[in-house]
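Engineer: Would you mind keeping the following structure in view while I ask a few things?
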Ligand SMILES: Nc1ncnc2c1ncn2[C@@H]1O[C@H](COP(=O)(O)OP(=O)(O)OP(=O)(O)O)[C@@H](O)[C@H]1O
Ligand SMILES: [Mg+2]
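Dropping the structure here:
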C-alpha cells in the first residue's frame, strides 16, 4: 500500500506544482519554464490515455458485445483529426470552466486525443491474441478476477503499453503546435508551453526564437528517450512471452533501472489495488455507467450532426463546401504518395536491420521517430513555398507524420519470425526468392496491414497540420480537406466545420471498411 | 566403411551479458556411413545445440565438424533435420510445409506434391494435406516435421526427439517407417543421428548410442548395439543394453 499511496501523493504534488507554475507564468516566461509546463501536460495526458486505453482495451477484449460497441467508436474517434475536437472542447471545457482551468483542461484533452486511441487498440490487440494457455493456467489455479488482472492481464499488456506510450508520446509532440493553440471562433488562446511558444514565434517570423524552441524540444525528446523510454523498453522485453523463440533474452538493464522498474511496477500494482477497492464499490452499477457513457457519446454525435444540419439550413451553404470533393481527392492522393514513398524505404531498411541484426539502427530510428517533425514545420514552410515546391513540402510533412507507424510495425513483423523457422529455411535450402515468398512476406504481411491502417489514420490526421503552414509572411496553403477544416475552424463557421468533420469521418471510415477490413480478415484467415 | 561425420575437440560457449555458458568441452566422436546413432543425455546438456552445429546452423567456438570429408561451415546439402520445436511455417498448409525443401530444389508443383503426398502417407497424415499447422495437435505437427525432413532424401537425417509427442502406437509405426527407409539401401537416408530421452527407443533403433554428461557435456559412454533386427524388446540382451545405458545416466 505504501508504494501505491506514495505514487498517488507524488502525482497530486505534481499537479499542484504544475498549476502553480501555470498561473505564475506568462507568454514571455523563460522557454525552459514553458518546456517544463509542456512536459507536465503531456505526462498528465499520457496518464489519462493509459487509464483510458487499459479500461477500454480490456473491456473490448473481454466481451464480444463490448467489442462491437467499443471498437467502431474508437475507430471513429481515431479518424477525427485533432482540430475536429475543437468544437467538443469548447462545449465540454471552455464553457463549463471559464478561465485558466478550462483552457488547461482543453489543452490536456487535445493532447489526450492524440495519445489515447493507439493505446486502447494496442491493449485490445495484445490481450486478444495472447496465449490461451495463460487463461487456462489462471483458471485452473482458481485466480480471482482481481488476481487475473494483476498477474495475467497487466504483465501481458505491459510491452504493448510501453511501446505504444512511446508512440503516443511522439504523436503528441507532432500535434503539440495545434494542441497548445486553442482557437475557437475569433479567439485564440495560447496555452503557456513550448508548443505555443514555437507557434507564436513562427507566426511573428521570429527566427531566433523559433530555433530556440526547436532546440529545446529536440533536446528534451532525446533526453527523455535515452533516460526513460529506452530503459523502459528494455525492461519490458523481459516480459515478452515467445515460446517458439529459442532466443535467450539477455539481462540488459543495469541495477538502477532494475530497481526503478521493480519499484514502479510494484507501485503501479498497488495503485491498481487501490482502484480495485473503489471499483468494488461501483461494481453493481458498472453496466449502467458504461451504457450511460455510450448513450452520451452517441447522443452527442447525433446532436452534433443535427446541429450542423440546423446551421446549414439557417445560414445556407458556405462557398468553401463546394470544393470538398476535390479537396478530398487531393488529400487522398497526397497520402497515397506519402504512403508509397514510405514503403519504398521502409521495407528494405527494416529487412537489413533484421537480417544483419543492426540493433544499433533500431535504437537510432526509435530516437529519430520521437523527434517532433511538425516542429520543423515552420522551417519547411520557409523552404518549400510556392507552386509545386509547396506540394513537396506537404507530402514530406504527411510522410513524417505517418511513416513511423509503418516502420515499427514492419520491423516488429520481421523480428517476430521465430528462429526455428529461420533455421528450417536454412536446412531446407530455400533460395532468396523462395525465402522471400515463403518466409519473409507471409511473416510480415499481418504487421504490414496493421501498420498501414494506423499509418493511414495518422496520414489523414497529419493533413490538418501539413496543408497549411506559415512562417512570418511566407505561407503556403494547399487545397485539401485538412486546410479546409483549419480554415473553417479559424473562421468560426460552425456549419462548414461540422460538414467537413462529418465528411472526413465518413471517408476515413469508408476506406477502413472497404480496404483495410477486407485485408485484415484475409490475414486472419491465413494465420 | 568410411567416416561420414567427424566431430573433433568441439567446444561451444554461449555468451550472455552476465555469464558464460560452456556447453561442450573437447567433445569428439565419429560416425560412419550407414550408422544409426542415438544421443542420450540430461536435459539442457546441449543435444539440440549439437545437432544445430552439425547441420551448420550455428558455429562452434572451437574444434571442427567434418561431414563427408568437408568442414561444415554453412547449412549442408546432405543433412536434413527434424526440429524439436517442429519449426513449421504457420502460413503454409501441411503439404506445402512438407514440400518446401523440394520447392527449394526447384521441383515443379506436380512432382513435389506427389512426393510430399507419399511422405505424408508414411507418417499417417493422409487427409490432412490442406490443414494448417495451427489446427494440428502437437504429435501431428511432429509428424509433419518428420515427413518434411524425409522428403528431401538426405544423406544424414538429424532428428531432435522426433517421437516425443506421439502416442505409443503411432510412435511405434513411425519408428518402423524410419527404420525401413534407413535399412533400404536404395533409399535415403543412409545414416541417422537421433536425439532422444527414451532409452528403449534408442536401444531398439540404433547401431550405436552416445551418452553425454551434464554440461559441459562430455562423452561418457559409447555403446555399440549388436543385436539382430527386428529386435525383441523382451529379450535378455535387450534388457542388458537398456540397463547399461540407464546405469550411465544415473
Ligand atoms: N542461443 C542461445 N543462447 C544462449 N544459450 C543458449 C542458446 N541456445 C541454447 N542455449 C543454452 O544451451 C543449453 C543447451 O541447450 P539445448 O537446447 O542444446 O539443450 P538440450 O540438451 O537439447 O535439452 P533438452 O533435452 O531439454 O531439449 C541450455 O542451457 C540453453 O539454455
Ligand atoms: Mg533439445
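Residue numbers (the working numbering), protein chains in the order written: chain C, 1 to 527; chain Z, 528 to 777.
Yeah, the Cβ is synthetic: ideal placement off N, Cα and C, and Gly gets one too.
Find the residues of chain Z that neighbour residue 424(C), judging by a C-beta separation of less than 7 Å, and give them in chain order.
Structural biologist: Here the neighbours are 610, 614.
Engineer: Considering only the alpha carbon of each residue, which of 19(C), 275(C), 196(C), 55(C) lies closest to residue 101(C)?
Structural biologist: Looking at the Cα atoms, 19(C) is the closest of the given residues.
Engineer: Verify whether the separation of the beta carbon atoms of residue 743(Z) and residue 549(Z) is less than 8 Å.
Structural biologist: Against a cut-off of 8 Å, the Cβ pair of residue 549(Z) and residue 743(Z) comes out as a contact.
Engineer: If the criterion is Cβ atoms closer than 8 Å, does the pair residue 479(C) and residue 327(C) meet it?
Structural biologist: Cβ distance < 8 Å, so residue 479(C) and residue 327(C) count as in contact.
Engineer: Between residue 669(Z) and ligand 2, is the CB less than 7 Å from at least one heavy atom?
Structural biologist: No, the Cβ of residue 669(Z) stays beyond 7 Å of every heavy atom of ligand 2.
Engineer: May I have the straight-line CA-CA distance separating residue 443(C) from residue 416(C), to the nearest angstrom?
Structural biologist: Roughly 8 Å between the two C-alpha positions.
Engineer: So for residue 686(Z), helix, strand or coil by DSSP?
Structural biologist: Here residue 686(Z) sits in strand by DSSP.
Engineer: What three-state label does DSSP hand residue 189(C) in the structure shown?
Structural biologist: Note: residue 189(C) maps to strand in three-state DSSP.
Engineer: Please confirm whether any heavy atom of ligand 2 lies closer than 7 Å to the CB of residue 574(Z).
Structural biologist: It does: the Cβ of residue 574(Z) is within 7 Å (strictly closer) of some heavy atom of ligand 2.
Engineer: Would residue 42(C) be called buried (16 or more neighbouring beta carbons within 10 Å of its own) or exposed?
Structural biologist: Flag for residue 42(C) reads buried.
Engineer: Starting from the beta carbon of residue 627(Z), find every residue of chain C whose beta carbon is closer than 9 Å, and list them in chain order.
Structural biologist: Those within 9 Å of residue 627(Z) in chain C are 424, 425, 428, 430, 434, 438.
Engineer: Could you tell me if the beta carbon of residue 570(Z) falls within a distance shorter than 7 Å of some heavy atom in ligand 1?
Structural biologist: Yes, ligand 1 has a heavy atom inside 7 Å of this Cβ.
Engineer: Could you give the distance in angstroms between the alpha-carbon of residue 838(Z) and the alpha-carbon of residue 650(Z)?
Structural biologist: There is no way to answer for residue 838(Z), as the model of chain Z reaches only from 528 to 777.
Engineer: With hydrogens ignored, establish whether the beta-carbon of residue 720(Z) is closer than 7 Å to any heavy atom of ligand 1.
Structural biologist: Checking the Cβ of residue 720(Z) against ligand 1 gives no.
Engineer: Compute the Euclidean distance between the alpha carbons of residue 733(Z) and residue 704(Z), then round it to the nearest angstrom.
Structural biologist: Approximately 14 Å between the Cα atoms of the pair.
Engineer: Once you ignore the five residues that flank residue 751(Z) on each side, which residues in its own chain have a CB closer than 6 Å to its CB?
Structural biologist: Within the same chain, residue 751(Z) has close Cβ partners 735.
Engineer: So, with DSSP's three-state summary, where would you put residue 427(C)?
Structural biologist: Note: residue 427(C) maps to helix in three-state DSSP.
Engineer: In terms of DSSP beta bridges, what is residue 542(Z) paired with?
Structural biologist: The partner list for residue 542(Z) (beta bridge, DSSP) reads 547(Z).
Engineer: In chain order, what residues of the same chain have a beta carbon less than 7 Å from the beta carbon of residue 709(Z), not counting five sequence neighbours either side?
Structural biologist: Cβ within range, chain order: 563, 716, 719.
Engineer: Using 7 Å as the cut-off, classify the Cβ of residue 225(C) as near or not near the heavy atoms of ligand 1, replying yes or no.
Structural biologist: Result no, Cβ not under 7 Å from ligand 1.
Engineer: Nearest-angstrom Cα distance between residue 71(C) and residue 113(C)?
Structural biologist: So the alpha carbons of these two residues sit roughly 16 Å apart.
Engineer: Since residue 722(Z) meets chain C, which of its residues come closer than 9 Å, beta carbon to beta carbon?
Structural biologist: Ordered by position in chain C, no residue passes the 9 Å Cβ test against residue 722(Z), which lies about 15 Å from the chain.
Engineer: Within the present structure, is the beta-carbon of residue 611(Z) separated from the nearest heavy atom of ligand 1 by less than 7 Å?
Structural biologist: Within the cutoff, so yes.
Engineer: Which class does residue 612(Z) belong to by DSSP, given the choice of helix, strand or coil?
Structural biologist: Note: residue 612(Z) maps to coil in three-state DSSP.
Engineer: Could you tell me whether the Cβ of residue 254(C) comes closer than 8 Å to any Cβ of chain Z?
Structural biologist: In this prediction, residue 254(C) scores a pLDDT of 46, lower than 50, which makes its location untrustworthy; the coordinate-derived value is nonetheless stated afterwards. Closer than 8 Å: no.
Engineer: Quick one: is the Cβ of residue 655(Z) within less than 7 Å of any heavy atom of ligand 1?
Structural biologist: Incorrect: residue 655(Z) has no Cβ contact closer than 7 Å to ligand 1.
Engineer: Can you tell me where the beta strand (DSSP E) with residue 153(C) in it begins and where it stops?
Structural biologist: Counting along the chain, residue 153(C) falls outside any beta strand (DSSP E), and DSSP gives it neither H nor E.
Engineer: Name the residues in the region 678-691 of chain Z whose C-beta lies less than 7 Å from a C-beta of chain C; which are they?
Structural biologist: Listed by position, the residues of the region 678-691 of chain Z near chain C (Cβ gap below 7 Å) are 679.
Engineer: May I ask whether a heavy atom of ligand 2 can be found less than 7 Å away from the beta carbon of residue 687(Z)?
Structural biologist: Checking every heavy atom of ligand 2 against the Cβ of residue 687(Z), one is found closer than 7 Å.
Engineer: State yes or no: is the beta carbon of residue 607(Z) nearer than 8 Å to at least one beta carbon in chain B?
Structural biologist: Chain labels in this structure do not include chain B; the protein chains are C and Z.
Engineer: Residue 474(C) by DSSP, collapsed to three states: which one?
Structural biologist: Strand at residue 474(C).
Engineer: Please classify residue 65(C): is it buried, with 16 or more other beta-carbons within 10 angstroms of its beta-carbon, or exposed?
Structural biologist: Label assigned to residue 65(C): exposed.
Engineer: For the putative contact between residue 351(C) and residue 414(C), defined by C-beta atoms under 8 Å, what is the C-beta separation to the nearest angstrom?
Structural biologist: Residue 351(C) to residue 414(C), Cβ: 7 Å. Contact.
Engineer: Just to confirm, does residue 550(Z) get its C-beta within under 7 Å of one of the non-hydrogen atoms of ligand 1?
Structural biologist: Indeed, a heavy atom of ligand 1 lies less than 7 Å from the Cβ.
Engineer: Pairing CB atoms from the region 599-607 of chain Z with CB atoms from the region 562-577 of chain Z, are three or more of them under 8 Å?
Structural biologist: With a cut-off of 8 Å, the region 562-577 of chain Z and the region 599-607 of chain Z do not count as touching, because too few Cβ pairs lie within range.
Engineer: Residues of the region 639-656 of chain Z in Cβ contact with chain C at a cutoff of 8 Å, in chain order, please.
Structural biologist: Residues passing the 8 Å Cβ filter: none.
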